[in-house]
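This report concerns only the one structure given below.
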Amino acid sequence: MFRRGESIQIKSPDQLAVMRQAGLVVALALQAVSAAVRPGVSTRELDAIARECIASNGATSSFLGYHGFPAVICTSVNDEVVHGIPGDRVLVAGDLISIDCGAIVDGWHGDAAVSVPVGAVADSVLALSAATQASLWAGLQQARAGNRLSDIGHAVELSLTAAGDYGIVEDYTGHGIGTSMHMHPPIPNYGKPGKGPVLKVGMALAIEPMATLGSAEVAVLSDGWTVVAMSGAPAAHWEHTVAITEAGPWVLTALDDVRLGPEASE
Ligand code: MG
Ligand code: MG
19 MFRRGESIQI
29 KSPDQLAVMR
39 QAGLVVALAL
49 QAVSAAVRPG
59 VSTRELDAIA
69 RECIASNGAT
79 SSFLGYHGFP
89 AVICTSVNDE
99 VVHGIPGDRV
109 LVAGDLISID
119 CGAIVDGWHG
129 DAAVSVPVGA
139 VADSVLALSA
149 ATQASLWAGL
159 QQARAGNRLS
169 DIGHAVELSL
179 TAAGDYGIVE
189 DYTGHGIGTS
199 MHMHPPIPNY
209 GKPGKGPVLK
219 VGMALAIEPM
229 ATLGSAEVAV
239 LSDGWTVVAM
249 SGAPAAHWEH
259 TVAITEAGPW
269 VLTALDDVRL
279 GPEASE
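Heads up, the sequence shown is in my numbering, so the first residue is 19 and it goes up one at a time.
This is the structure:
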């Protein structure tokens, strides 16, 4: 999994500042789209909102045209885990929708995802989403110089397994990010700690746990994109892009300027 000889892109402070601009556009787009989520809205309408937000902030989409992807967000509803294509689907109360967005400023990418309940949603689904979000933050806390890459996935897995009996998706991972959206290294959401490359100041990583109320097994639909839970159970997906800085993890795709600072003693 950790291929030797393939390096992880290191960014200068100035380059990370541009990545923060891209990340902020992603945060604004996800905020605007989340605010529009309600029963009766179509996923195509949500995509239009994100398009407008990305354009009005002087950015371009990381997703549009990526291997032919036709939209600026991925919309994955209920048992859809990731990579759902916006279209005619109309949201109904009780749905959980994952919205994934990427934006580019001056050649630098940001990538983040949120899961948003539509109207009244089952407590079990809300708990799944909350646990997945919490596991993301557990992973972000490990994005520190001197840690090993697998410390991130280990923290995500520990957080999710402590929260409940969830299926932790293994077939899709987080990733390095910078001058491209998907860069080395892959970042699994599970594993033993202390493995893989040593994390260094200037790296930027997209951490994105995906979990289901059923098993971890997933499949790709005939549209070639949409990843669904084989069990048919609801899934949640949360993602942030984080930079490793001297001072600690800097969450580049948060709406506020979130710098996690020194690690809290555990
Ligand atoms: Mg993403
Ligand atoms: Mg990603």
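Ideal Cβ positions, reconstructed from N, Cα and C, are used throughout, including at glycine.
| query | Exposed or buried, what is P31 when buried is set at 16 or more other beta-carbons lying within 10 Å of its beta-carbon? | reply | The C-beta of P31 has fewer than 16 other C-beta atoms within 10 Å across all chains shown, which makes the residue exposed.
| message | According to DSSP, is V174 part of a helix, a strand, or is it coil? | response | It is helical.
| When every heavy atom of ligand 1 is checked, does at least one fall within less than 6 Å of the C-beta of A47? | No; taking the cut-off as 6 Å, the Cβ of A47 has no heavy atom of ligand 1 nearer than that.
| query | Any contact of the stretch 129-146 with the stretch 235-242, i.e. 3+ C-beta pairs under 8 Å? | reply | Between the stretch 129-146 and the stretch 235-242, the count of Cβ pairs shorter than 8 Å is below three; the stretches do not touch.
| task | Under 6 Å Cβ to Cβ from A47, same chain only, skipping five residues before and after it: list those, please. | result | Residues of the same chain with a CB within less than 6 Å of the CB of A47, apart from the 5 flanking positions on each side, are A68, C71, I72 and C119 in chain order.
| Which residues in the same chain as T78 place their Cβ atom closer than 6 Å to its Cβ, once the five residues preceding and following it in sequence are excluded? | Cβ within range, chain order: I122.
| request: Examine the Cβ distances between the stretch 185-197 and the stretch 136-147 and report whether three or more of them are shorter than 8 Å. | output: Output reads no: the stretch 136-147 does not touch the stretch 185-197.
| task | Using the Cα positions of M228 and S177, report the straight-line distance between them to the nearest angstrom. | result | If I take the Cα positions, the gap works out to 13 Å.
| task | List the residues that DSSP assigns as beta-bridge partners of V285. | result | No statement about residue 285 is possible, as the shown extent of the chain runs from 19 to 284 and does not include it.
| request: Could you tell me the distance, in whole angstroms, from the CA atom of T179 to the CA atom of Y208? | output: The alpha-carbon atoms of T179 and Y208 are separated by roughly 10 Å.
| Rounded distance between the beta-carbons of H101 and W256, thought under 8 Å | That pair is no contact at about 15 Å.
| query | Using CA coordinates, which residue listed in Q27, S25, A35 and V44 is at the minimum distance from T271? | reply | Nearest neighbour of T271 by Cα position, chosen from Q27, S25, A35 and V44, turns out to be V44.
| task | In the DSSP assignment, find the alpha helix (DSSP H) that holds T150 and state where it starts and stops. | result | Element bounds for T150: D141 to L158.
| Closer than 6 Å: D189 CB and nearest ligand 4 heavy atom | Ligands displayed in this structure: ligand 1 and ligand 2; ligand 4 is not among them.
| Going straight from the alpha carbon of L154 to that of H258, what length do you get? | In a straight line, the C-alpha of L154 is about 8 Å away from that of H258.
| request: Can you check the stretch 212-266 for any alpha helix (DSSP H) of at least 4 residues that lies completely inside it and give the ranges in chain order? | output: Unbroken alpha helix (DSSP H) stretches of 4 residues or longer found wholly inside the stretch 212-266: none.
| message | Counting beta carbon pairs with one atom in the stretch 87-94 and one in the stretch 45-65, are three or more of them shorter than 8 Å? | response | Pairwise C-beta distances place the stretch 45-65 in contact with the stretch 87-94, as three or more of them are shorter than 8 Å.
| From which residue to which residue does the alpha helix (DSSP H) around S116 run? | Judged by DSSP secondary structure, S116 falls outside any alpha helix (DSSP H) and instead within the beta strand (DSSP E) spanning L114 to V123.
| By DSSP, does R277 sit in helix, in strand, or in coil? | DSSP places R277 in strand when its eight states are reduced to three.
| task | Return the CA-CA distance between K210 and I170, expressed in angstroms with no decimal places. | result | One C-alpha to the other measures close to 10 Å.
| field | Heavy atom of ligand 1 within 6 Å of A131 beta-carbon | value | Result yes, Cβ under 6 Å from ligand 1.
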